[in-house]
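Here's the structure, in structure tokens; my notes come after.
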Amino acid sequence: MLLEDSSCRKFNILVFRGDPPQREWYRFLNGIIEGADAYRKVEELYTIGGMVIAVAHTMPHHFFAVFNSPAMKKRVSRYHLERGIDYQTPSGQRPTLNSFLLWVVKRRNLSGVNVWVAMSFYSLAVGDALAQRVVLEFFNQRFKLGIDLSDLDEEIKGQSEKITHARIRSPEIDEYLINLRGHRVYQGNKMLPWLRRWRSYLKRAIDFCSAE
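Using the working numbering, read the sequence shown as starting at 13 and increasing by one per residue.
So this is what it looks like as structure tokens:
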């Protein structure tokens, strides 16, 4: 889906949003590039993603980037990105769609960047406004968009208050988040079901507090 408004036209930006296809990636990605190029000459291409990890939402939200050229890496070196990433698809596994897109873009002699922000696993259930702000602030600075993020700041504050209330009501949730900050979590095969259980529990507690 192509998303565009007057702000996008003003800053010469095209935004695409949609679900990735299960097959025919090459055709899908080429279609995006060709469609964008026909609409407006493409100079740079960015993809946005998230990386879910077992940390508390209060921890710093690391912002990572992978580039398809040294020139592009240098171009965005002034921003708060962790650029020392040399990601390689594990042996025997299919590359991610974002990684494949960088390859397709490079074949067309275009600059491309994969950016993603690390977020707490339970934010999938309750949302992570701070992670959204990290991404938006990057594009705000990169393209001098002048986006007012005050509404998002209020959402971040409200989300933090809900989690605080959930911790007050539930000593178990409080202890769990303390352990996350101290990196004292289960490892190995026990970790995934444990994380799922707590994510669901935290969401129910926050929903309960929000309903009051």
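Positions of the beta carbon are idealized from the N, C-alpha and C atoms, including for glycine.
Handout entry: Cβ contact check for the region 147 to 159 and the region 180 to 193: 3 or more pairs under 8 Å
Key = no
Practice task
Go to residue 40, then tell me how far its alpha helix (DSSP H) extends in each direction, as first and last residue.
Solution key: Residue 40 -> alpha helix (DSSP H) spans 37 to 51.
Exercise for the section: Please state if the CB of residue 56 and the CB of residue 123 are separated by a distance shorter than 8 Å. Expected result: yes
Problem - Extent of the continuous alpha helix (DSSP H) to which residue 176 belongs - result: Its alpha helix (DSSP H) spans residues 162 to 181.
Problem - As assigned by DSSP and simplified to three states, the class of residue 25 - result: Annotated three-state conformation of residue 25 is coil, per DSSP.
Problem - Spatial distance of residue 98 from residue 114 (CA atoms) - result: At residue 98 the pLDDT is 49, less than 50, meaning the model places this residue with poor confidence; the figure from the coordinates comes in the next sentence. Spanning the two alpha carbons is a distance of roughly 13 Å.
Practice task
Can you say whether residue 84 is buried or exposed, counting buried as having 16 or more other CB atoms within 10 angstroms of its CB?
Solution key: buried
Handout entry: Closest residue to residue 29 among 23, 140, 61 (Cα-Cα distance)
Key = Comparing Cα-Cα distances from residue 29 to each of 23, 140, 61, the minimum goes to 61.
Exercise for the section: List the whole-angstrom C-beta distance separating residue 80 from residue 27, where the pair is believed to meet the contact cut-off of C-beta under 8 Å. Expected result: Incorrect: roughly 20 Å between the Cβ atoms, too far for contact.
Problem - Cross-strand partners of residue 124 (DSSP beta bridge) - result: DSSP, once it has assigned bridges, lists 57 as partnering residue 124.
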